[in-house]
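Student: Structure in structure tokens, see below.
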Amino acid sequence: MKIKSVTFINSISSLLLQVVTIISGFIIPRLILKNFGSEVNGLISSLNQFLSYITILEGGVSSVIMANLYKPLNDKNEAKVSSIIKTTQSFFKKIGIIFIVYTILLAIIYPLLSKNSFSYAYIASLTLILSLNMFIQYMFSLSYKVLLNADKKVYIVSFAQILTIILNVILFAVLINFFPNIHVLKFVTGILYFIQPLIYNYYVKKYFILDR
Numbered sequence: 356m357k358i359k360s361v362t363f364i365n366s367i368s369s370l371l372l373q374v375v376t377i378i379s380g381f382i383i384p385r386l387i388l389k390n391f392g393s394e395v396n397g398l399i400s401s402l403n404q405f406l407s408y409i410t411i412l413e414g415g416v417s418s419v420i421m422a423n424l425y426k427p428l429n430d431k432n433e434a435k436v437s438s439i440i441k442t443t444q445s446f447f448k449k450i451g452i453i454f455i456v457y458t459i460l461l462a463i464i465y466p467l468l469s470k471n472s473f474s475y476a477y478i479a480s481l482t483l484i485l486s487l488n489m490f491i492q493y494m495f496s497l498s499y500k501v502l503l504n505a506d507k508k509v510y511i512v513s514f515a516q517i518l519t520i521i522l523n524v525i526l527f528a529v530l531i532n533f534f535p536n537i538h539v540l541k542f543v544t545g546i547l548y549f550i551q552p553l554i555y556n557y558y559v560k561k562y563f564i565l566d567r
């Protein structure tokens, strides 16, 4: 594929991802507000914000890894690429383990500090369920995502995310009529994020030769 064509497809896919993300950001909260009320929606927003604090540990490491991948990818130095990816996987899995500990602590402490009508078990279990998305990313997705982005295959990453978001919205909208339970809905839609590492793994095997 020519460079101009790749750049164009990458740009379009990134733009489409932003549009889909914005639309999803309107639909899902609206469904939650309509079926569970503003208190549940506020609780989910607060928990997601606290869970996202773990990204501070990453500290822009993904950008540094991408920068280190450009030359070996250009030189087709498979050994060097494999070494970087292996180190990257190890790093993100350590972040994933720290994230598990952080999530458990948050699930224990946050319900004690939260001023709402929900029970301790309700908030603690919801905290663990909402962490599923980020856990999947750190343990299974990010290293191959960085590799694909570094190799200018941004469109693969974007379309994988677009597919996940669309399926998430559809499944949430359908299941809410049959299982009007926010825990069930968030757990089932959270499992969908396993789609991304499956797609990344498929394309990494297709385009790269890595010494695992």
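Residue numbers (our numbering): 356 to 567. Note that the Cβ used here is the ideal one computed from N, Cα and C, for glycine as well.
Which of the three DSSP states, helix, strand or coil, is assigned to residue 391?
Tutor: Taking the first residue of the sequence shown as position 1, residue 391 is located at position 36. Residue 391: helix per DSSP, three-state reduction.
Student: What are the boundary residues of the alpha helix (DSSP H) that includes residue 489?
Tutor: The count along the sequence shown starts at 1 and reaches residue 489 at position 134. Residues 487 to 491.
Student: If you draw a straight line from the C-alpha of residue 401 to the C-alpha of residue 561, how long is it?
Tutor: Along the sequence shown, read from residue 1 onward, the residue named residue 401 stands at position 46. Along the sequence shown, read from residue 1 onward, the residue named residue 561 stands at position 206. When rounded, the distance between both Cα atoms is 40 Å.
Student: Going by beta-carbon coordinates alone, are residue 443 and residue 369 separated by less than 9 Å?
Tutor: Within the sequence shown, numbered from 1, the residue matching residue 443 stands at position 88. Within the sequence shown, numbered from 1, the residue matching residue 369 stands at position 14. No, these two residues do not count as a Cβ contact at 9 Å.
Student: Just mark residue 495 as buried or exposed, buried being the case when its beta carbon has 16 or more other beta carbons within 10 Å.
Tutor: Numbered from 1 along the sequence shown, position 140 holds the residue referred to as residue 495. The residue is buried, with at least 16 neighbouring Cβ atoms inside 10 Å.
Student: Examine chain B for any beta-carbon lying closer than 9 Å to the beta-carbon of residue 398, and answer yes or no.
Tutor: In the displayed structure, chain B is absent; only one protein chain is listed.
Student: Does DSSP put residue 472 in a helix, in a strand, or in coil?
Tutor: Position 117 of the sequence shown, counting from 1, holds the residue named residue 472. Coil.
Student: Identify the continuous alpha helix (DSSP H) that holds residue 421 and give its terminal residues.
Tutor: Within the sequence shown, the letter at position 66 stands for residue 421. Per DSSP, residue 421 belongs to the alpha helix (DSSP H) from 416 to 429.
Student: When the distance is taken between beta carbons, is residue 454 closer than 9 Å to residue 425?
Tutor: Indexing the sequence shown from 1 puts residue 425 at position 70. Indexing the sequence shown from 1 puts residue 454 at position 99. No. Outside cutoff.
Student: Can you look up residue 565 in the DSSP assignment and give me helix, strand or coil?
Tutor: One-based indexing of the sequence shown puts residue 565 at position 210. If DSSP states are grouped into helix, strand and coil, residue 565 belongs with coil.
Student: For residue 408, which of helix, strand or coil comes out of DSSP?
Tutor: As a working mapping, residue 408 is identified with position 53 in the sequence shown. Reduced to three states, the DSSP call for residue 408 is coil.
Student: Hey, how far is the Cα of residue 559 from the Cα of residue 567?
Tutor: Translated into positions along the sequence shown, residue 559 becomes position 204. Translated into positions along the sequence shown, residue 567 becomes position 212. Between residue 559 and residue 567, the C-alpha separation is close to 12 Å.
Student: Taking buried to mean at least 16 other C-beta atoms within 10 Å of its own C-beta, is residue 408 buried or exposed?
Tutor: Counting from 1 along the sequence shown, the entry for residue 408 is found at position 53. With fewer than 16 Cβ atoms within 10 Å of its Cβ, residue 408 is classed as exposed.
Student: With DSSP as the reference, label residue 363 as helix, strand or coil.
Tutor: Translated into positions along the sequence shown, residue 363 becomes position 8. Reduced to three states, the DSSP call for residue 363 is helix.
Student: When you compare the CB positions of residue 372 and residue 516, do they come within less than 9 Å of one another, or not?
Tutor: Numbered from its first residue, the sequence shown carries residue 372 at position 17. Numbered from its first residue, the sequence shown carries residue 516 at position 161. Yes. Within cutoff.
Student: Comparing alpha-carbon positions, which option in 478, 519, 417, 504 lies nearest residue 394?
Tutor: Here residue 394 refers to the residue found at position 39 of the sequence shown. Residue 394 has its Cα closest to that of 478, out of 478, 519, 417, 504.
Student: Pairing CB atoms from the segment 472 to 491 with CB atoms from the segment 529 to 543, are three or more of them under 8 Å?
Tutor: Contact between the segment 472 to 491 and the segment 529 to 543 is present, because at least three Cβ pairs lie under 8 Å.
Student: What is the rounded straight-line gap between the Cα of residue 345 and the Cα of residue 556?
Tutor: With the chain covering only 356 through 567, there is no way to say anything about residue 345.
Student: When we look at the beta-carbon of residue 476 and count the other beta-carbons within 10 Å, is it buried (16 or more) or exposed?
Tutor: What you label residue 476 is simply residue 121 of the sequence shown in a count that begins at 1. Burial call: exposed.
Student: Anyone know if the C-beta pair for residue 365 and residue 513 falls short of 9 Å?
Tutor: Sequence index remark: in the sequence shown, residue 365 carries index 10 (1-based). Sequence index remark: in the sequence shown, residue 513 carries index 158 (1-based). Contact flag set, yes.
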